[in-house]
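Visitor: Numbering-wise, our numbering puts 527 at position 374 of the sequence shown, and it's gapless, one number per residue.
The beta carbon of each residue, even a glycine, is placed where N, CA and C say it ideally should be.
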Amino acid sequence: MARIVKKFGGTSVGDMERMRRAALRVKRAHEAGDEVAVVVSAMAGETNRLIALCQEASPLHDAREYDTVVASGEQVSAGLFAILLQSMGVPARSWTGWQVPVRTSDRHGAALIEEIDTRRLEERLARREVPVMTGFQGVGPDRRVTTLGRGGSDTSAVALAAALHAERCDIYTDVDGVFTTDPRIVAKARKLERITYEEMLEMASLGAKVLQIRSVALAMTHGVRVQVRSSFNEVSGTLLVNEDEIVEQELVTGLAYSKADAVITLYGVPDRPGRAAAVFGPLAEAGIIVDMIVQSTTPADGHAEITFTVPAEELGRALDALEGAREKIGFARLESNSDVVKISVIGIGMRSHAGVANTMFATLAEKGVPILAISTSEIKVSVLIDAAYTELALRALHSAYGLDAA
Ligand code: ADP
Ligand code: ASP
Ligand code: MG
């Protein structure tokens, strides 16, 4: 007998038939003797619909009311899922975040889970009842409903698995597991049997939305065994593991892409000490996170060009902050573009091998793709390119690193 948390994403509960199939999976595990706790997302498309309603009511709406509205999608799924389980003879009950309770910080729309009080769920599990908890939400210090940010049901599931000391957390989704890159973009993407927590954290941070970033960070710190698998077949999924559990270390494990950044270039910046502080100080004061940075100086005229990226949704505020500091920085001209994509190669194998970045640059050069900015860390290399090249670049790099499925 094992204690397992099973999380079903939006597509897996997208209509009654799919939800019934998901419930059947739970029934089978329950009958085999497992203790199962379920976490559900809203039905596919529902959260987008609810967000659009808030926008329609008023573009500048109260974040607390936004949470009240968007959290309702998961409530519907949890109730229906419990009804389906009951109709199959499995004792079940739905639990919303505040009922459990899942206590969170007060950052509405992006709240952090602080504590899950599992006493009531433990009592029910002991009676062989299946708790069906709403993902994506909790209750804040002011006792109002909070939500965890898009994709947050993954985090609810991992946090619940940690709090219940579950043996495993199964994340059921619409693909067979974690792939070398998004299988919807690269047809030759391969499913990974295993991926390290660290690589998965980079993949998620760099745009692979198969797991929410925070769910991976939580799994890593609490040592939760996470398995990502399909709710539509019986194929074994991908297991998140520690580095020492990887038998054959590849140089590159996967590729990710993200269109969440915008690029800004300042031209004609006087080349003097303190220049970088003058540019990035006002952005830091505005709470805007700068990611990639490139500086180039023309020694002859004593001016520099500075290129950097900021989150696309912060572009307007970033431009305001820079215009406000124009005199202090002394730039001649400013250009910005949100039609860019950041493509990253990820792999713990690159810690001990040179040449990964070079393969990336050579492959893109061969395809005639100009690189606008570069950034690296111990286990990844990222380049910023024009968004029009996204698919071309991903496919070419996937082949170049030998990741293509046979
Ligand atoms: P769910 O609704 O089940 O939470 P999501 O849409 O949030 O599902 O995440 C699954 C999607 O993530 C897949 O349909 C796939 O397009 C996308 N994805 C992006 N990168 C990857 C990757 N490396 N491996 C698998 N899926 C990926
Ligand atoms: N329903 C929420 C969303 O669409 C949470 C989730 O699915 O994980 O973002
Ligand atoms: Mg998701």
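8 Å is my cut-off, CB to CB: does V285 come that close to chain C?
Guide: As a matter of chain content, chain C is missing from the structure shown, which is built from one protein chain.
Visitor: Is it buried or exposed for R202, if we count other Cβ within 10 angstroms and need 16 for buried?
Guide: exposed
Visitor: Within its chain, find whatever has a CB closer than 7 Å to the CB of D295; leave out the 5 residues flanking it on each side and keep chain order.
Guide: Only D259 meet the Cβ criterion.
Visitor: Does the Cβ-Cβ distance between F234 and V158 come in under 8 Å?
Guide: no
Visitor: Restricting to Cα atoms, I'd like to know which of V166, L345, L317, F433 is closest to D327.
Guide: V166
Visitor: Take H318 as the anchor and find which of A546, L278, M356 has the nearest alpha-carbon.
Guide: L278
Visitor: Suppose you measure from the CA of V193 to the CA of G162; what does that come to, to the nearest Å?
Guide: 6 Å
Visitor: Hey, V298 and A224: beta-carbon distance below 8 Å or not?
Guide: Yes; because the gap between Cβ atoms is below 8 Å, this pair is in contact.
Visitor: Grouping DSSP H, G and I as helix and E and B as strand, with all else coil, what is P294?
Guide: The three-state reading of DSSP puts P294 in coil, since its state is none of H, G, I, E or B.
Visitor: Considering only their Cβ atoms, is the gap separating L550 from I496 smaller than 8 Å?
Guide: yes
Visitor: Under 8 Å, do I482 and I532 count as touching if we go by C-beta distance?
Guide: no
Visitor: Can you list, in chain order, the residues of its chain with a C-beta nearer than 6 Å to that of A485? Leave out the 5 residues immediately preceding and following it.
Guide: Y420, G421
Visitor: Is any non-hydrogen atom of ligand 2 found closer than 7 Å to the C-beta of F289, if you look at the structure I gave you?
Guide: In this structure, F289 has its CB closer than 7 Å to one or more heavy atoms of ligand 2.
Visitor: Measuring straight from C-alpha to C-alpha, what distance separates G610 and D454?
Guide: In the structure displayed, the chain extends from 154 to 559; residue 610 sits before or after that span and is not available.
Visitor: Are the beta-carbon atoms of S449 and A457 separated by less than 8 Å?
Guide: Yes; because the gap between Cβ atoms is below 8 Å, this pair is in contact.
Visitor: Where are the alpha helix (DSSP H) runs, 4 residues long or more, that stay fully inside the region 363-443, in chain order?
Guide: 366-375, 428-438
Visitor: On a CA-only basis, which of F289, L393, G242, Q252 is nearest L265? Give me that one, please.
Guide: F289
Visitor: In the DSSP output, what is Y325 paired with across the bridge?
Guide: F161, R382
Visitor: The beta strand (DSSP E) with A526 in it runs from where to where?
Guide: 526-530
Visitor: Identify the residues that DSSP records as bridge partners of N490: which are they?
Guide: V416
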